[in-house]
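The structure under discussion appears below in the form of structure tokens.
Residue numbers (my numbering): 380 to 475.
Shown next as structure tokens:
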């Protein structure tokens with residue numbers, strides 16, 4: 380199954396996140412606030428990755444989620460936006 384995976388950029392104050400997915404170039408990747416269900420941004424994928432600008436900027440504790448093409452489709456799941464001085468890796472925090 381194809382899944383959109385948020386790989387980086389989920390830091391407080393960030394205005395973009397990076398997503399990977401094994402889909403055709405140009406396929407839309409959508410970023411949503413997982414709690415409010417409001418779209419934060421979208422962008423087409425190129426060579427398996429997409430940099431998606433989000434608005435408003437991300438805040439600590441916010442849950443964001445990436446989908447392929449449509450809301451609710453092909454996601455790896457939500458991530459929690461971390462404080463800018465730490466990075467979330469596989470559900471664990473580590474200092475940058």
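Positions of the beta carbon are idealized from the N, C-alpha and C atoms, including for glycine. These figures come from a predicted structure and were not determined experimentally.
Here's the rule I'm using: 16 or more other beta-carbon atoms within 10 Å means buried, otherwise exposed. How should residue i be labelled?
i           : result
residue 437 : buried
residue 404 : exposed
residue 388 : buried
residue 428 : exposed
Report all residues from its chain with a CB closer than 8 angstroms to the CB of residue i; omit the five preceding and five following residues, and keep chain order.
i           : result
residue 432 : 394, 395, 420 and 422
Suppose contacts are defined by Cβ-Cβ distances below 9 angstroms. Is residue i in contact with residue j by that definition?
i           : j           : result
residue 398 : residue 424 : yes
residue 411 : residue 443 : yes
Using the C-alpha atoms, what's the distance from residue j back to residue i?
i           : j           : result
residue 391 : residue 441 : 9 angstroms
residue 474 : residue 416 : Confidence at residue 474 is low in this model, with a pLDDT of 41, below 50, so the placement of that residue should be treated as unreliable; the coordinate-derived value is given next. Near 30 angstroms, if we compare the C-alpha coordinates of residue 416 and residue 474.
residue 401 : residue 426 : 8 angstroms
residue 457 : residue 386 : 11 angstroms
residue 463 : residue 445 : 20 angstroms
residue 414 : residue 435 : 15 angstroms
Residues in its own chain within less than 7 angstroms of residue i by CB, not counting five upstream and five downstream?
i           : result
residue 407 : 421, 423 and 448
residue 382 : 400, 453, 454 and 455
Exercise for the section: Only counting runs of 3 or more residues, tell me where the beta strand (DSSP E) segments fall wholly within the stretch 383-448, in order along the chain. Expected result: Look at the stretch 383-448 and you find these whole runs of beta strand (DSSP E), each 3 residues long or longer: 384-387, 395-399, 407-412, 418-423, 428-432 and 442-447.
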